[in-house]
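> Position 217 of the sequence shown, counting from 1, maps to 217 under UniProt numbering, and the rest follow consecutively.
Every residue, glycine too, gets a C-beta built ideally from N, C-alpha and C.
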Amino acid sequence: MTLADLPLGPLERALVDSLQRLDPQASPVVLASAALLCMALDKGDVCLPLARYAGQRPWPEHAFNLPNLADWQAQLEASALVGADGDFTPLILEHGRLYLARYQAYERHLATQLLQRAADLPEIDETQLSESLSRLFAFNQQQPDWQRLAAAQAVRRKLAVISGGPGTGKTTTVVRLLAALLEQPGCEHLAIGLAAPTGKAAARMAEAIRNAKAALPVSEAIKAALPDEARTLHRLLGSRGDSPQVRHHAANPLALDVLVVDEASMVDLALMAKLLDALPPTARLILLGDKDQLCAVEAGAVFAELCEGRGFDAQAAADLQRITGQPVPVSEPSSQLGDAVVLLIHSHRFAGDSGIGELARRINGGDVSATLNLLKEDRSDLAWNAEPTPADLLDRLDQGYVPYMAAAKNADAAAAFAAFNSFRTLTAQREGVWGVAGINEALEARIKRRSQVPSRERWYVGRPVMVRQNDYALGLFNGDIGICLHTEYGLRVFFEGEDGFRPFAPARLPSHDSAFAMTVHKSQGSEFAEVLLVLPEQPSPLLSRSLFYTGITRAKQKVEIWGLPPRLAEAVATRAERSAGLAQRLALSPAQVHQAVPQQVSTQRDLFE
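1) Using DSSP with H/G/I as helix, E/B as strand and the rest coil, what is D471?
2) Going along the chain, which residues of its own chain have a beta-carbon closer than 6 Å to the beta-carbon of L93, five neighbours each way excluded?
3) Apart from the five residues on each side of it in sequence, which residues of its chain come closer than 6 Å, Cβ to Cβ, to P403?
4) Measure from the alpha carbon of D398 to the alpha carbon of each residue in V572, L259 and R449, then state which is nearest.
5) Measure the beta-carbon distance from V29 to W72 and round it to whole angstroms, keeping in mind my assumption that it falls under 8 Å.
6) Hey, could you find the ends of the beta strand (DSSP E) Q558 is sitting in?
7) Give the C-beta separation of P536 and A428 to the nearest angstrom, bearing in mind that I take them to be a contact with Cβ-Cβ under 8 Å.
8) Any beta carbon of chain D sitting closer than 7 Å to that of S369?
9) If you draw a straight line from the C-alpha of E12 to the C-alpha of E305, how long is it?
10) Take E298 as the anchor and find which of K43, E560, L22 and P566 has the nearest alpha-carbon.
11) So is V601 buried or exposed if we call it buried at 16+ other beta carbons inside 10 Å?
12) Just to check my reading of the structure: L159 and R117 have Cβ atoms closer than 8 Å, yes? What is that Cβ distance to the nearest angstrom?
13) What span of residues does the alpha helix (DSSP H) with A341 cover, start to end?
14) Classify N470 as buried or exposed, calling it buried when 16 or more other Cβ atoms lie within 10 Å of its own Cβ.
15) Applying the criterion that 16 or more other CB atoms from any shown protein chain within 10 Å of the CB defines a buried residue, is E530 buried or exposed?
16) Between I286 and the rest of its own chain, which residues show a CB-CB distance below 6 Å, the 5 nearest in sequence each way excluded?
17) Check G169 in the structure and name its three-state DSSP category.
18) Alpha carbons only, please: which of D257, A414, D145 and E308 is nearest the one belonging to E496?
19) With T127 as the anchor, note down where its alpha helix (DSSP H) starts and where it stops.
20) What are the uninterrupted segments assigned as alpha helix (DSSP H) that are 4 or more residues long and contained completely in the region 143–214, given in chain order?
21) Since I believe L121 is in contact with L276 (beta carbons under 8 Å), could you give me their beta-carbon distance rounded to a whole number of angstroms?
22) Going by DSSP in three states, F420 sits in which element: helix, strand or coil?
23) Thinking C-alpha only, which one of L485, A517 and D513 is nearest P503?
24) What separation, rounded to the nearest whole angstrom, lies between the Cα atoms of L607 and A34?
25) Given this structure, state the Cα-to-Cα distance separating P217 from R458, to the nearest angstrom.
26) In this structure, does DSSP put E516 in helix, strand or coil?
27) Please check the pair V342 and W146, which I expect to be a contact at CB under 8 Å, by giving their CB distance rounded to whole angstroms.
28) For G44, which three-state DSSP category applies?
29) Between A196 and A150, how many whole angstroms is the CB-CB distance? I'm expecting something under 8 Å.
30) Assign L181 to one of two classes, buried (16 or more other C-beta atoms within 10 Å of its C-beta) or exposed (fewer than that).
31) Less than 7 Å between the beta carbons of V461 and G482, yes or no?
32) Closest by CA to L190, which one among D268, T282 and D23?
33) Counting only the same chain and skipping the five closest in sequence on each side, list residues whose C-beta sits under 6 Å from that of A407.
34) Looking only at DSSP bridge pairs, what is H249 linked to?
35) Using a Cβ-Cβ cutoff of less than 6 Å, which residues in the same chain neighbour V534 once the five nearest sequence positions on both sides are dropped?
36) Enumerated in chain order, which unbroken segments of the alpha helix (DSSP H) with a length of 4 residues or greater are wholly contained in the UniProt domain "RecBCD enzyme subunit RecD N-terminal" (8–99)?
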């Protein structure tokens, strides 16, 4: 049995070949470990945890067994290709986790940056902050008011992590906390930046803040100081094509005093590490996201790891209660970020009797039977087809898009977008009959036949498209949705813009796909009145609790699920976990848990210096 016999993909094979050139004497176990690590990175893991795979047969169809944990670790440590933290080797072995050197450096550096920023507590005027919060959050009646507590922590700290599900008011919170920050003495002229992982999310964030700040009970000067433009993280950092290098870094930092990042759950490890590196040490960082949503497509689940171990110790709870007048539950943190993390738990979108809200809670709780029982109930905002067929699905989608196609034929862009956002189809996967490609192809074929459009013709009235790559010259970004309408100049594809709708000739568009159906991944950050969620017929590694939760919470009024009971059960029971070490790097040691927070941070920080 040789490595040549193993079913390695092009990337794994290229990595193994590269390592063999560096060390022709490298053992098959070391090279196989590198291949497994490469496969793990492709699945979103940051590292390869040896304990999880020791003694196993990683390729079931091949008779190649990994050694037991002790032997495996010993063989890796003996290899010239593998080093410890700080060594200049292609692979790094640290605390039983095997990393590519670049990703170990990203993770270590990010932890260092986070701990340093969390330890830096700026001077504030507590009296002014208390007055600002009382005025800005006077509309909230719930106790405790988690929006107010999150805003207080964001003003009091250089690092704030705010997590909340749909409708919990993350944007409302951030625009008001920024106003409270600007009202602090000496903070009137802060340079504030807004950013998000995608162009669509950045545009939506900027629009939400522009709309929210008009009604703020603050001076016109404060309103004018609030930002109303947002950029993608790649554009903010100055990404250079396919190169991992960016224009802004520690030696050329961003000219910002405050940075707010929305949809932070979509940010991967490498991008987050580069962002922290480019942010001046004195700047504040505010991360907004939903810890229960799908993680980034690339390696890492940074936002979810940051939210682990959150809590308010007695001192933090007392400080917050003094400033906000709110009762603050005490919960000893197990992370050094601790009270920098606040979870918004009151949903303004899903009321107490909301079927969608209750379904989301049961999915996140991993309760399969309770989830299935709820879907069997007669809830006005929930529907379940437990015996789906492709033909029935096609009929349902055809019927669901009738109002949209009628609006598109009237050539009214505003009406067409409103109708399209009232009903949307989401899928777990791209390929297959139950995937994006199969659904779009089948539905388009039916629409073309009915409209007498030649089957080979790509463009027709009502064709929705999703942009697949950023085009800064046109102002179109990955994830943007366009709709093809008839105009006096022929067919044009309209996109929503800040000042109305922008038409483009179809030939000018960057790479794109039809978008009657889209993946749950691509839907993150979007909201639709009604959602039809399609699950695959066969078991799939894509099915997970976070995918199911993300899909159903895109709906504001109703969600309709098409999936077999076993697939729903698998989705609820499967918690998508990514192998990484960031949470452990940020965790308090048992001896630190009962110490004061400043000591906790500085003690652990010394480990990274």
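Checking against the coordinates, here is how it stands:
1) The residue labelled residue 471 in the question sits at position 471 within the sequence shown. Three-state DSSP puts D471 in a strand.
2) Reading the sequence shown from its first residue, position 93 is the one you call residue 93. Answer for L93: L76 and V82, listed in chain order.
3) Locating residue 403 in the sequence shown gives position 403, where the first residue counts as 1. Excluding residues within five positions, the ones whose Cβ falls inside 6 Å are A419.
4) Start at 1 with the first residue of the sequence shown, and residue 398 comes out as number 398. Nearest Cα to D398 within the set V572, L259 and R449: R449.
5) Working through the sequence shown from its first residue, we reach residue 29 at position 29. Working through the sequence shown from its first residue, we reach residue 72 at position 72. 7 Å between Cβ atoms; contact.
6) Counted from its first residue, the sequence shown places residue 558 at position 558. Note that residue 558 corresponds to Lys in the displayed sequence, not to Gln. For K558, the enclosing beta strand (DSSP E) has its first and last residue at A555 to W562.
7) Working through the sequence shown from its first residue, we reach residue 536 at position 536. Working through the sequence shown from its first residue, we reach residue 428 at position 428. The C-beta distance from P536 to A428 rounds to 6 Å, short enough to meet the 8 Å contact threshold.
8) In the structure shown, chain D cannot be found, because there is only a single protein chain.
9) Against the sequence shown, residue 12 aligns to sequence position 12. Against the sequence shown, residue 305 aligns to sequence position 305. When rounded, the distance between both Cα atoms is 27 Å.
10) In the sequence shown, the residue the question calls residue 298 occupies position 298. When only C-alpha atoms are compared, the closest one is K43.
11) As a working note, residue 601 is residue 601 in the sequence shown. Note that V601 scores 28 on pLDDT, short of 50, meaning its location in the model is unreliable and no value can be drawn from it.
12) In the sequence shown, counting from the first residue as 1, residue 159 sits at position 159. In the sequence shown, counting from the first residue as 1, residue 117 sits at position 117. Sure, about 4 Å apart at Cβ, within 8 Å.
13) One-based indexing of the sequence shown puts residue 341 at position 341. Before going on, a small fix: residue 341 reads as Val here, not Ala. Segment V341 to L344 is the beta strand (DSSP E) holding V341; no alpha helix (DSSP H) there.
14) What you label residue 470 is simply residue 470 of the sequence shown in a count that begins at 1. Buried.
15) Counting from 1 along the sequence shown, the entry for residue 530 is found at position 530. Around the beta carbon of E530, 16 or more other beta carbons sit within 10 angstroms, so the residue counts as buried.
16) The residue labelled residue 286 in the question sits at position 286 within the sequence shown. Short of 6 Å from the beta carbon of I286, and not among the five residues preceding or following it, lie these beta carbons of its own chain, in chain order: A154, A160 and V260.
17) Within the sequence shown, residue 169 is the residue found at index 169, counting from 1. Of the three classes helix, strand and coil, the one that applies to G169 here is coil, per DSSP.
18) On the sequence shown, position 496 is the one that residue 496 refers to. It is A414.
19) Locating residue 127 in the sequence shown gives position 127, where the first residue counts as 1. Start and end: E126 to L136.
20) Within the region 143–214, the runs of alpha helix (DSSP H) that reach at least 4 residues and sit entirely inside it are, in chain order, 146–156, 170–182 and 199–213.
21) Taking the sequence shown and counting its residues from 1, the one referred to as residue 276 is at position 276. Taking the sequence shown and counting its residues from 1, the one referred to as residue 121 is at position 121. Contact flag wrong, Cβ pair sits at about 18 Å.
22) Along the sequence shown, read from residue 1 onward, the residue named residue 420 stands at position 420. The answer is helix: DSSP assigns F420 an H, G or I state.
23) To locate residue 503, count along the sequence shown from 1; it is residue 503. Comparing Cα positions, the closest option is L485.
24) The residue you call residue 607 lines up with position 607 of the sequence shown. The residue you call residue 34 lines up with position 34 of the sequence shown. Residue placement at L607 cannot be trusted, given a pLDDT of 22 that sits under 50; what the coordinates show is reported in the next sentence. Rounded to the nearest whole angstrom, the C-alpha separation of L607 and A34 is 27 Å.
25) Within the sequence shown, the letter at position 217 stands for residue 217. Within the sequence shown, the letter at position 458 stands for residue 458. The straight-line gap from Cα to Cα measures roughly 51 Å.
26) Walking along the sequence shown from the start, residue 516 turns up at place 516. Residue identity differs from the one stated: residue 516 is Phe in this sequence, not Glu. Here F516 sits in coil by DSSP.
27) To locate residue 342, count along the sequence shown from 1; it is residue 342. To locate residue 146, count along the sequence shown from 1; it is residue 146. Their Cβ separation, rounded to whole angstroms, is 6 Å, which keeps V342 and W146 in contact under 8 Å.
28) Position 44 of the sequence shown, counting from 1, holds the residue named residue 44. In this structure, G44 counts as coil in the three-state DSSP scheme.
29) Against the sequence shown, residue 196 aligns to sequence position 196. Against the sequence shown, residue 150 aligns to sequence position 150. With a Cβ gap of about 18 Å, A196 and A150 do not count as contacting.
30) Position 181 of the sequence shown holds residue 181. Buried: at least 16 other Cβ atoms inside 10 Å.
31) Here residue 461 refers to the residue found at position 461 when the sequence shown is read from its first residue. Here residue 482 refers to the residue found at position 482 when the sequence shown is read from its first residue. No, the Cβ-Cβ distance between V461 and G482 is not below 7 Å.
32) The residue you call residue 190 lines up with position 190 of the sequence shown. Taking each of D268, T282 and D23 in turn and checking the Cα distance to L190, the smallest one comes out for T282.
33) Against the sequence shown, residue 407 aligns to sequence position 407. A415, A416 and A419.
34) The residue labelled residue 249 in the question sits at position 249 within the sequence shown. Partner(s): N252.
35) Counting from 1 along the sequence shown, the entry for residue 534 is found at position 534. Cβ within range, chain order: T427, W434 and W562.
36) If we require 4 residues or more, the alpha helix (DSSP H) runs fully inside the UniProt domain "RecBCD enzyme subunit RecD N-terminal" (8–99) come out as 10–22, 28–42, 50–53 and 69–78.
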